[in-house]
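What follows is a set of notes on a single structure, which appears directly below.
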Amino acid sequence: MQIADSVESFVLAVTEVAKGDEPGSAVSLLLLEVSQLLLAGGRLGAIEDVVPEDRFEPDTGPEPDGEQLRERLAELLAPIDVYHEVFDPYGPPEKPNAFRISDDLAGVVSELQHGLTHYREGRVSEALWWWQFSYLSNWGTTCTAVLRALQSLIAHVRLDSPIGAAPDGADTDDDGLTDEQLEQQAGDLMAAELGIGR
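Below is the structure:
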């Protein structure tokens with residue numbers, strides 16, 4: 001099953017990266033692995049709801065301890081581990097929150113392993129249900145945020161732009177406009193560029 005293969009590949013790859021044998025390629029490898037996992041997650045989000053065969057989830061035993069993985073990732077990513085994210089782009093405006101790539105990846109691995117346990121014990125529909133539910137409720141948004149952080153890191157390095165610096169051409173002046181006024185300005189500019197009146 002493609003989803004199970006993607007999940008297992010992600011878990012193995014993150015575990016290998018966390019060993020720290022190739023620190024120079026860690027961010028690039030994590031970018032690739034998170035991207036691949038999100039492709040599998042997109043498939044889970046696009047299909048109709050998976051309904052498990054059993055009414056209650058069978059006990060899979062104790063959850064694996066992800067603390068060692070989290071600690072190894074935190075050590076490997078120490079200077080770049082913390083990133084900022086706005087949780088819901090469609091919710092009311094909020095201030096960005098600080099997250100850790102290491103915490104997020106270890107949490108995703110733990111959630112995926114829960115489904116892998118079901119899959120390995122032959123409960124395929126339970127595994128799919130778990131992966132779909134946890135994708136929609138948690139690891140999908142978590143991986144999306146991590147992907148954005150990793151892509152941003154690579155962009156900063158490749159574009160020779162220090163982290164925290166304003167990009168070239170960015171307006172750093174505080175002109176005192178409200179969000180509504182900025183939205184109106186942006187809409188007017190877009191309408192002018194498209195040649196339509198507002």
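The UniProt record's numbering applies: residue 1 is where the sequence shown begins, and numbers increase by one. Every residue, glycine too, gets a C-beta built ideally from N, C-alpha and C. As the structure is a computational prediction, the values presented were derived from the model and not from experiment.
Name the residue from Q68, Y90, H156, S134 whose alpha carbon lies nearest to the alpha carbon of E16. For the purposes of this step, residue 16 is identified with residue 16 of the sequence shown, where counting begins at 1. Per the C-alpha coordinates, the member of Q68, Y90, H156, S134 positioned closest to E16 is Q68.
Quick one: Cα of W129 to Cα of G41, how far? Residue mapping note: residue 129 aligns to position 129 of the sequence shown, counting from 1. Residue mapping note: residue 41 aligns to position 41 of the sequence shown, counting from 1. W129 and G41: Cα-Cα distance of roughly 12 Å.
Which listed residue (V14, G45, V7, G107) has its alpha carbon closest to that of residue 200: Outside the displayed span of the chain (1 to 198) sits residue 200, for which this structure offers no information.
Where do the N-terminal and C-terminal ends of the alpha helix (DSSP H) with A46 fall, by residue? Within the sequence shown, residue 46 is the residue found at index 46, counting from 1. Unbroken alpha helix (DSSP H) run through A46: 26-46.
In three-state DSSP terms, what is Y83? Position 83 of the sequence shown, counted from the start, is the residue given in the question as residue 83. In this structure, Y83 counts as strand in the three-state DSSP scheme.
Indicate whether the contact test is met: 3 or more Cβ pairs, each with one atom in the region 130-141 and one in the region 30-41, closer than 8 Å. With the cut-off at 8 Å, the region 130-141 and the region 30-41 touch.
Classify D174: buried if its beta carbon has 16 or more other beta carbons within 10 angstroms, exposed otherwise. Taking the sequence shown and counting its residues from 1, one reaches residue 174 at position 174. With a pLDDT of 47 at D174, under the threshold of 50, the predicted position of this residue should be treated as unreliable, and no value is reported.
Element boundaries [beta strand (DSSP E), containing R100]: Taking the first residue of the sequence shown as 1, we reach residue 100 at position 100. R100: member of the beta strand (DSSP E) spanning 97-100, first to last residue.
Taking C-beta to C-beta, are F99 and H118 nearer than 9 Å? Here residue 99 refers to the residue found at position 99 when the sequence shown is read from its first residue. Here residue 118 refers to the residue found at position 118 when the sequence shown is read from its first residue. Result no, Cβ atoms of F99 and H118 do not sit closer than 9 Å.
Does the separation of the CB atoms of D49 and Q113 fall below 9 Å? Taking the sequence shown and counting its residues from 1, one reaches residue 49 at position 49. Taking the sequence shown and counting its residues from 1, one reaches residue 113 at position 113. No, they are not a contact pair.
What's the C-alpha gap between S25 and S134? One-based indexing of the sequence shown puts residue 25 at position 25. One-based indexing of the sequence shown puts residue 134 at position 134. Rounded to whole angstroms, the gap between the alpha carbons of S25 and S134 is 29 Å.
Would you kindly check if the distance between the Cβ of R70 and the Cβ of D103 is under 9 Å? Your numbering for residue 103 matches position 103 in the sequence shown. Your numbering for residue 70 matches position 70 in the sequence shown. Closer than 9 Å, so yes.
Out of E94, V27, A18, point me to the one whose CA is closest to G66's CA. Here residue 66 is taken as the residue at index 66 of the sequence shown, counted from 1. The residue with the shortest Cα to Cα distance from G66 is A18.
Taking the alpha helix (DSSP H) that I154 belongs to, which residues open and close that run? By 1-based counting over the sequence shown, the position of residue 154 is 154. For I154, the uninterrupted alpha helix (DSSP H) segment begins and ends at 140-158.
Apart from the five residues on each side of it in sequence, which residues of its chain come closer than 8 Å, Cβ to Cβ, to E22? On the sequence shown, position 22 is the one that residue 22 refers to. Residues of the same chain with a CB within less than 8 Å of the CB of E22, apart from the 5 flanking positions on each side, are L29 in chain order.
Rounded to whole angstroms, what is the Cα-Cα separation between G115 and I47? On the sequence shown, position 115 is the one that residue 115 refers to. On the sequence shown, position 47 is the one that residue 47 refers to. Distance between G115 and I47, taken at the CA atoms: about 17 Å.
Output needed for D5: all residues of its chain with C-beta closer than 7 Å, excluding positions within five of it in sequence on either side, in chain order. Counting from 1 along the sequence shown, the entry for residue 5 is found at position 5. Same-chain partners within the cutoff: there are none.
DSSP on Y90, reduced to helix/strand/coil? Indexing the sequence shown from 1 puts residue 90 at position 90. Under the three-state reduction of DSSP output, Y90 falls in the coil class, being neither helix nor strand.
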